[in-house]
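My numbering numbers the first residue of the sequence shown as 32 and each following residue consecutively. The beta carbon of each residue, even a glycine, is placed where N, CA and C say it ideally should be.
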Amino acid sequence: MTEYGDDATGIVIVDDHPIVCDGVEQLISRERDMKVVGKAHDAAGAIQVIDRVKPRVAVVDISLSGGASGLDLTKSIRSRFPDVHVLVLSMHDEALYAERAIRAGARGYVMKNEMTSRIVDAIRQVRAGKMFLSGELTSNMIEKVMVSAPVRRPLTTDVLTDRELDILEKIGEGYKTSDIARQLNLSNKTIESHRLRIRKKLDLRTAGDLIRYAVQWVR
């Protein structure tokens, strides 16, 4: 059993898949300078846990189900708990979602397929107030996002909310309305309403146009 130091960094893990939570906790438990002090499976639970245990770092899955997304949660954490640094875990396309995560207030972004080798390094960087990005993203990209974000002309998809962006990706991956509704714990009617708003915002005339756009976008 690992003996933790008195100054071990407290970590809260937020993921709607218990197996992921357990996997991250197992990786962290091997380190003497950090420990898991709480876990949650949705945004509402995460806020309660963070308020109670006051961690230094929150490791957040970008695609939470059952309400607020991981990006929405990141914004809430940065607003309500400014001393808590957020590290985002994601299976999504990094270039797009990493930028959105940083804009939301995250200090780091790690792809789940790199999690085992990089999660501990990422936590150490983030707790020190530094940025950490996995994959091909560079510090130059971070600086560009952080410095020029207020005046940058938005990308087409920047007109979408975080929830709409999540739904657009699922459409592009081939999921039907009923599949998306089940995954996000929402009604079919709600998903159809989101689809209609996405079409209007992206100026797509038909449902077929939306599907073609989504498929091209996720490639």
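State the DSSP-derived secondary structure class of residue i, mapped to helix, strand or coil.
i, result
"Thr-188", "helix"
"Ala-89", "strand"
"Pro-49", "helix"
"Ala-71", "strand"
"Thr-105", "helix"
"Leu-24", "The requested residue 24 does not occur in the structure, where the chain is confined to residues 32 to 250."
"Lys-66", "strand"
"Asp-234", "coil"
"Gly-203", "helix"
"Asp-38", "coil"
"Ser-110", "helix"
"Gly-76", "helix"
"Ser-209", "helix"
"Arg-61", "coil"
"Ala-129", "helix"
"Leu-227", "helix"
DSSP has residue i in a bridge; who is on the other side?
i, result
"Ser-121", "Met-142"
"Ile-44", "Lys-70, Val-90"
"His-116", "Val-88"
Apart from the five residues just before and just after residue i, which ones in its own chain have a Cβ nearer than 7 Å to its Cβ?
i, result
"Val-182", "Interpretation of Val-182 is limited by its pLDDT of 37, a score under 50 that renders its predicted location unreliable; the figure taken from the coordinates is listed afterwards. Around Val-182: no qualifying Cβ."
"Leu-235", "Leu-241, Tyr-244"
"Ser-121", "Ile-93, Tyr-128, Tyr-140, Met-142, Lys-143"
"Ala-132", "Ile-93, Leu-102, Thr-105, Val-119, Tyr-140"
"Phe-112", "Ile-81"
Might you give, ordered along the chain, the residues of its own chain that have their beta carbon closer than 6 Å to the beta carbon of residue i, omitting 5 neighbours on each side?
i, result
"Asp-103", "Asp-193"
"Gly-69", "Val-43, Val-80, Val-84"
Any idea if residue i is buried or exposed, counting beta-carbon neighbours within 10 angstroms, 16 or more meaning buried?
i, result
"Asp-152", "exposed"
"Val-84", "exposed"
"Met-142", "buried"
"Arg-158", "buried"
"Ala-238", "exposed"
"Pro-86", "buried"
"Val-246", "exposed"
"Asp-47", "buried"
Can the beta-carbon of residue i be found less than 8 Å from the beta-carbon of residue j?
i, j, result
"Leu-227", "Ile-150", "no"
"Val-45", "Val-90", "yes"
"Ala-129", "Leu-164", "yes"
"Val-119", "Gly-101", "yes"
"Asn-219", "Thr-208", "yes"
"Gly-136", "Gln-156", "no"
"Gln-51", "Asp-92", "What sits at residue 51 in the sequence shown is Val, not Gln. Yes, these two residues count as a Cβ contact at 8 Å."
"Ser-110", "Ile-78", "no"
"Leu-191", "Lys-232", "yes"
"His-116", "Gly-160", "yes"
Kindly list the residues whose CB is nearer than 8 Å to the CB of residue i, restricted to its own chain and excluding five residues on each side of it in sequence; keep chain order.
i, result
"Gln-214", "Ser-96, Lys-201, Tyr-206"
"Glu-223", "Thr-208"
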